[in-house]
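Q: Those sequence lines, one after another, are chains W and Z. Here our numbering is used: the first residue of the first sequence is 7, the next is one more, and so on. Here our numbering is used: the first residue of the second sequence is 7, the next is one more, and so on. From the three backbone atoms N, C-alpha and C, an ideal C-beta is built for every residue, glycine too. Sharing a structure with you now.
There are 2 protein chains.
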Amino acid sequence: MTMKTTIAYLGPEGTFSHQAAQKCLESNPGNINLQPYPGIAQVLYAVENDETALGVVPAENSIEGSVNITLDLLARDIPLYIKAEIIIDIKHHLLSHSKDLNSVHTVMSHTQAIAQCRHFLETRLKNADILETTSTAEAVSRLNSHGEGLAAIGSPESHKIYQVPILHPDIGCYPHNQTRFLLVGRSPETNSLSSKTSLVLSLKKDRPGGLYDILGEFAKYELNLCKIESRPAKMGLGNYLFFIDCEAGSNHPDLLKVIDSLRTKTGYLKNLGSYRCIS
Amino acid sequence: MTMKTTIAYLGPEGTFSHQAAQKCLESNPGNINLQPYPGIAQVLYAVENDETALGVVPAENSIEGSVNITLDLLARDIPLYIKAEIIIDIKHHLLSHSKDLNSVHTVMSHTQAIAQCRHFLETRLKNADILETTSTAEAVSRLNSHGEGLAAIGSPESHKIYQVPILHPDIGCYPHNQTRFLLVGRSPETNSLSSKTSLVLSLKKDRPGGLYDILGEFAKYELNLCKIESRPAKMGLGNYLFFIDCEAGSNHPDLLKVIDSLRTKTGYLKNLGSYRCIS
């Protein structure tokens with residue numbers, strides 16, 4: 007009997023994280039099962055504490071930007087690494103048993119979905135209360151046990167699973183809406199097909215050109231950066247951690263040279279891993 | 007009769023934005039009055055549409071990072087500029103008429119306050135609903151018209167104004183909690199005492215070292231960057247706007263040279279203004 011690999015994801019069924027976890031399953035069929043968890047932190051703690059081998063969490067949305075809690079928890083000096091990334095197209099529907107928008111007094115959803123539909127909420131539902139839930143599907147699942155007046159922002163997938171009518175389709179503000187999910191585990195990925203590497207670092211001291219020096223190491227070997235993002239180091243305003251994604255996998259001949267040269271120029275440095283995109 | 011200058015702020019009374027607006031008033035007494043608005047977007051639209059001369063909005067918290075909607079609205083190619091920055095120390099209390107934590111079924115607050123108290127909420131109030139409000143003071147103001155079971159995360163100031171008991175003091179996760187507010191207007195600040203300049207830009211094309219080139223212009227003149235932050239350009243994953251703060255005011259001899267050299271290296275460039283810190 008072979009042990010199954012379990013992937014933790016931000017549940018319940020029907021979240022965008024669930025869709026991303028299903029893509030991991032399709033690319034490795036047969037030996038994986040999926041386990042929902044109630045929050046992003048809980049997914050990452052499940053992997054960290056060896057409850058599950060892997061976890062899937064949202065990292066970045068093309069409209070709202072980074073998912074702060076994911077970056078902050080990955081940045082820590084613990085064995086948690088990126089094994090793959092998964093890109094999912096996002097569409098938001100307003101789901102409700104109410105007969106029209108006028109009778110909606112409360113809209114529930116995840117904070118990122120709320121932000122991505124802010125224009126619709128502020129113009130068409132400006133008097134409604136906004137109730138934050140731990141996921142979009144959690145909001146939709148609550149509609150069945152309540153009466154009129156409640157609505158949820160949810161995915162086309164959750165509309166099907168929970169069988170709640172679409173009161174208004176496609177209420178997002180922007181057409182180019184995608185979310186990047188990360189598959190994480192306790193050891194770095196060893197698949198040689200990786201095409202991207204993520205690092206998190208702090209500058210050694212506050213001096214002119216500190217970040218410029220760091221980026222110079224990548225430029226020296228013509229490694230393209232696809233993302234640079236600062237997050238508060240939570241030590242007061244002006245102290246940052248930098249998240250850098252570069253377009254080089256573990257087989258790139260110069261990647262290790264760059265990382266080695268960064269060790270002497272950074273206060274803190276964690277290689278989050280080299281990985282591929284599952285699509 | 008002299009016309010009074012009106013400053014719009016994220017209301018109601020007792021928000022941290024209100025405290026920041028009051029600091030602007032103290033530094034320019036006599037001729038300013040304050041006008042609350044129900045959201046960050048509404049404050050910025052009030053300035054943009056000439057309803058008020060000035061506005062105060064939160065821009066960045068030392069724990070949670072940037073306030074996305076503020077950055078996204080300031081980045082647009084319209085005449086909206088930073089006139090000053092104001093730093094406020096943040097402390098969060100759990101305010102409620104309930105007798106103990108066990109009887110709290112719903113916690114209300116602004117999304118950033120909720121994020122900054124996440125550890126307390128997840129460990130001590132894990133079964134409570136989280137209701138998002140447009141400001142911390144809005145949440146506290148709602149407590150008076152409701153009975154038991156409701157709580158709000160609010161400031162020491164709003165505790166006094168709305169006379170709601172402190173059920174649990176200081177529930178924030180981190181000790182170094184400060185928020186940076188911006189005073190904005192329709193023209194760039196002309197005060198020569200400015201000490202910082204903010205720019206927003208996009209890279210001209212996706213090539214190795216694009217951002218490195220930009221930062222090189224600052225390094226060439228030894229201008230220190232105090233912040234660099236990427237935000238989605240909302241044109242799909244991988245397209246970013248960069249917000250750069252540098253420690254040089256409008257009187258710095260090299261600032262204009264750097265900005266001029268950036269014009270040829272950027273796709274989009276907006277000088278958000280040179281300004282001072284009001285403390």
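Do ILE177 (chain W) and PRO98 (chain W) have their beta-carbon atoms positioned less than 7 angstroms apart in this structure?
A: One-based indexing of the first sequence puts residue 98 (chain W) at position 92. One-based indexing of the first sequence puts residue 177 (chain W) at position 171. Here residue 98 (chain W) is His; the residue named in the question, Pro, does not match the sequence. Their beta carbons are under 7 angstroms apart, which means HIS98 (chain W) touches ILE177 (chain W) by this criterion.
Q: Is the distance from the Cβ of LYS210 (chain Z) to the Cβ of GLY273 (chain Z) below 7 angstroms?
A: Here residue 210 (chain Z) is taken as the residue at index 204 of the second sequence, counted from 1. Here residue 273 (chain Z) is taken as the residue at index 267 of the second sequence, counted from 1. In contact: LYS210 (chain Z) and GLY273 (chain Z) (Cβ atoms closer than 7 angstroms).
Q: Establish whether the CB of CYS232 (chain Z) and some CB of chain W are separated by less than 7 angstroms.
A: Sequence index remark: in the second sequence, residue 232 (chain Z) carries index 226 (1-based). Closer than 7 angstroms to some Cβ of chain W, the Cβ of CYS232 (chain Z) qualifies, so yes.
Q: Report the three-state DSSP secondary structure of ASN39 (chain Z) (helix, strand or coil).
A: Translated into positions along the second sequence, residue 39 (chain Z) becomes position 33. The answer is strand: DSSP assigns ASN39 (chain Z) an E or B state.
Q: Which term fits ASN39 (chain Z), buried or exposed, when burial requires 16 or more other beta carbons within 10 angstroms of its beta carbon?
A: Locating residue 39 (chain Z) in the second sequence gives position 33, counting from the first residue. By the 10 Å Cβ count, ASN39 (chain Z) comes out exposed.
Q: Per DSSP, what kind of secondary structure is ILE220 (chain W) in: helix, strand or coil?
A: Start at 1 with the first residue of the first sequence, and residue 220 (chain W) comes out as number 214. Here ILE220 (chain W) sits in helix by DSSP.
Q: Within 6 angstroms: the Cβ of LEU16 (chain Z) and any heavy atom of the ligand COA?
A: Questions concerning the ligand COA fall outside what the structure shown contains, since it holds no ligand whatsoever.
Q: Just the Cα atoms here: how many angstroms apart are LEU79 (chain W) and ALA47 (chain W)?
A: Numbered from 1 along the first sequence, position 73 holds the residue referred to as residue 79 (chain W). Numbered from 1 along the first sequence, position 41 holds the residue referred to as residue 47 (chain W). Answer to the nearest angstrom: the Cα atoms are 8 angstroms apart.
Q: Does the segment 159-166 of chain Z come into contact with the segment 19-35 of chain Z, if we say contact requires no fewer than three beta-carbon pairs (one atom in each stretch) closer than 8 angstroms?
A: yes
Q: If distances are taken between C-alpha atoms only, which option among W:GLU228, W:LEU243, W:CYS179 and W:LYS10 comes closest to LEU60 (chain W)?
A: Working through the first sequence from its first residue, we reach residue 60 (chain W) at position 54. Per the Cα distances, W:LYS10.
Q: According to DSSP, which residues form a beta bridge with PHE248 (chain W)?
A: Your numbering for residue 248 (chain W) matches position 242 in the first sequence. W:LEU207 and W:SER236.
Q: Closest to LEU77 (chain W) by CA distance: which of Z:LEU77, Z:ALA81, Z:THR76 and Z:GLY71 is it?
A: Residue numbering aside, residue 77 (chain W) sits at position 71 when the first sequence is read from its first letter. Checked all of Z:LEU77, Z:ALA81, Z:THR76 and Z:GLY71; the closest Cα to LEU77 (chain W) is Z:GLY71.
Q: Go ahead and pull the three-state DSSP assignment for HIS116 (chain Z).
A: Walking along the second sequence from the start, residue 116 (chain Z) turns up at place 110. Coil at HIS116 (chain Z), not helix or strand.
Q: If you draw a straight line from the C-alpha of PRO175 (chain Z) to the C-alpha of CYS123 (chain Z), how long is it?
A: Counting from 1 along the second sequence, the entry for residue 175 (chain Z) is found at position 169. Counting from 1 along the second sequence, the entry for residue 123 (chain Z) is found at position 117. Rounded to the nearest angstrom, the gap between the Cα atoms of PRO175 (chain Z) and CYS123 (chain Z) is 12 angstroms.
Q: GLY215 (chain Z) touches chain W at which residues, Cβ-Cβ below 7 angstroms?
A: The count along the second sequence starts at 1 and reaches residue 215 (chain Z) at position 209. Within 7 angstroms of the CB of GLY215 (chain Z), the CB atoms of chain W belong to ALA225, in sequence order along the chain.
Q: So the alpha helix (DSSP H) ALA47 (chain Z) belongs to, where does it begin and stop?
A: Within the second sequence, residue 47 (chain Z) is the residue found at index 41, counting from 1. It spans 46-54 - the alpha helix (DSSP H) in which ALA47 (chain Z) sits, taken as one unbroken run.
Q: Compute the distance between the beta-carbons of ALA52 (chain W) and ALA81 (chain W), then report whether it is under 7 angstroms.
A: Looking up residue 52 (chain W) in the first sequence gives position 46. Looking up residue 81 (chain W) in the first sequence gives position 75. No. Outside cutoff.
Q: Under three-state DSSP, which class holds HIS174 (chain Z)?
A: Residue mapping note: residue 174 (chain Z) aligns to position 168 of the second sequence, counting from 1. HIS174 (chain Z) falls in the strand class under three-state DSSP.
Q: Can you tell which of W:LEU16, W:THR12, W:GLY17 and W:GLU32 has its C-alpha closest to the C-alpha of SER285 (chain W)?
A: Taking the first sequence and counting its residues from 1, one reaches residue 285 (chain W) at position 279. For SER285 (chain W), the nearest C-alpha among the options comes from W:GLU32.
Q: Just how far apart, CA to CA, sit ARG269 (chain W) and SER208 (chain W)?
A: In the first sequence, counting from the first residue as 1, residue 269 (chain W) sits at position 263. In the first sequence, counting from the first residue as 1, residue 208 (chain W) sits at position 202. Computed Cα separation, rounded: 11 angstroms.
Q: Please look up how many angstroms separate the CB atoms of THR140 (chain W) and ALA119 (chain W), rounded, as I've assumed it's under 8 angstroms.
A: Start at 1 with the first residue of the first sequence, and residue 140 (chain W) comes out as number 134. Start at 1 with the first residue of the first sequence, and residue 119 (chain W) comes out as number 113. Actually they are not in contact, since the Cβ atoms of THR140 (chain W) and ALA119 (chain W) sit about 12 angstroms apart, beyond 8 angstroms.
Q: Only counting runs of 4 or more residues, tell me where the alpha helix (DSSP H) segments fall wholly within the segment 82-147 of chain Z, in order along the chain.
A: List check, alpha helix (DSSP H) in window: 117-122 and 124-130.
Q: Cβ of HIS182 (chain W) less than 7 angstroms from any chain Z Cβ?
A: Position 176 of the first sequence, counted from the start, is the residue given in the question as residue 182 (chain W). Yes, contact with chain Z.
Q: So GLY242 (chain W) and HIS182 (chain Z) are supposed to be a Cβ contact under 8 angstroms. How far apart are they, rounded?
A: The residue labelled residue 242 (chain W) in the question sits at position 236 within the first sequence. The residue labelled residue 182 (chain Z) in the question sits at position 176 within the second sequence. That pair is a contact at about 4 angstroms.
Q: Return the residue from the list Z:ASN245, Z:ASN133, Z:ASP260 and Z:GLU195 that minimises the CA-CA distance to LEU86 (chain Z).
A: By one-based count along the second sequence, residue 86 (chain Z) stands at place 80. Ranked by Cα distance from LEU86 (chain Z), the first of Z:ASN245, Z:ASN133, Z:ASP260 and Z:GLU195 is Z:GLU195.
Q: In the DSSP output, what is LEU16 (chain Z) paired with across the bridge?
A: Translated into the one-based positions of the second sequence, residue 16 (chain Z) becomes position 10. Partner(s): Z:TYR43.
Q: Using DSSP with H/G/I as helix, E/B as strand and the rest coil, what is SER72 (chain Z)?
A: The residue labelled residue 72 (chain Z) in the question sits at position 66 within the second sequence. Strand, per DSSP.
Q: Is ASN277 (chain W) close to chain Z, meaning its C-beta is less than 7 angstroms from at least one C-beta of that chain?
A: Taking the first residue of the first sequence as 1, we reach residue 277 (chain W) at position 271. It does not: the Cβ of ASN277 (chain W) has no partner Cβ on chain Z nearer than 7 angstroms.
Q: Going along the segment 67-82 of chain Z in order, which residues come within less than 7 angstroms of chain W, judged by CB to CB distance?
A: SER68, ILE69, GLU70, GLY71 and ASN74
Q: Do you know how far the Cα of ARG148 (chain Z) is from the Cα of LEU127 (chain W)?
A: If you number the first sequence from 1, residue 127 (chain W) lands on position 121. If you number the second sequence from 1, residue 148 (chain Z) lands on position 142. Their backbone Cα atoms lie some 20 angstroms apart in a straight line.
Q: Give every residue of the same chain whose Cβ lies closer than 7 angstroms to the Cβ of VAL146 (chain W), excluding the five residues on either side of it in the sequence, and list them in chain order.
A: Translated into positions along the first sequence, residue 146 (chain W) becomes position 140. Result list for VAL146 (chain W): GLY20, LEU101, ALA158, GLY160, SER164, TYR168 and VAL170, in chain order.
Q: Going by C-alpha to C-alpha distance, which of Z:ILE92, Z:LEU156, Z:GLU138 and Z:ILE69 sits closest to SER109 (chain Z)?
A: Translated into the one-based positions of the second sequence, residue 109 (chain Z) becomes position 103. SER109 (chain Z) has its Cα closest to that of Z:LEU156, out of Z:ILE92, Z:LEU156, Z:GLU138 and Z:ILE69.
Q: Comparing the C-beta of LEU137 (chain Z) with each C-beta of chain C, is any distance below 7 angstroms?
A: The chain labelled as chain C is not found among the protein chains of the depicted structure, namely W and Z.
Q: How far does the alpha helix (DSSP H) with PRO162 (chain W) in it reach, from first residue to last?
A: Working through the first sequence from its first residue, we reach residue 162 (chain W) at position 156. Where PRO162 (chain W) is concerned, the enclosing alpha helix (DSSP H) stretches over 162-168.
Q: Spatial neighbours of TYR180 (chain Z) within its chain, please: CB distance less than 6 angstroms, with the 5 preceding and 5 following residues excluded, ordered by chain position.
A: Position 174 of the second sequence, counted from the start, is the residue given in the question as residue 180 (chain Z). Closer than 6 angstroms at the Cβ level, and outside the excluded window around TYR180 (chain Z), lie ILE69.
Q: Are there 16 or more other CB atoms within 10 angstroms of the CB of ASP56 (chain Z), so buried, or fewer, so exposed?
A: Counted from its first residue, the second sequence places residue 56 (chain Z) at position 50. It is exposed - the Cβ of ASP56 (chain Z) has fewer than 16 other Cβ atoms within 10 Å.
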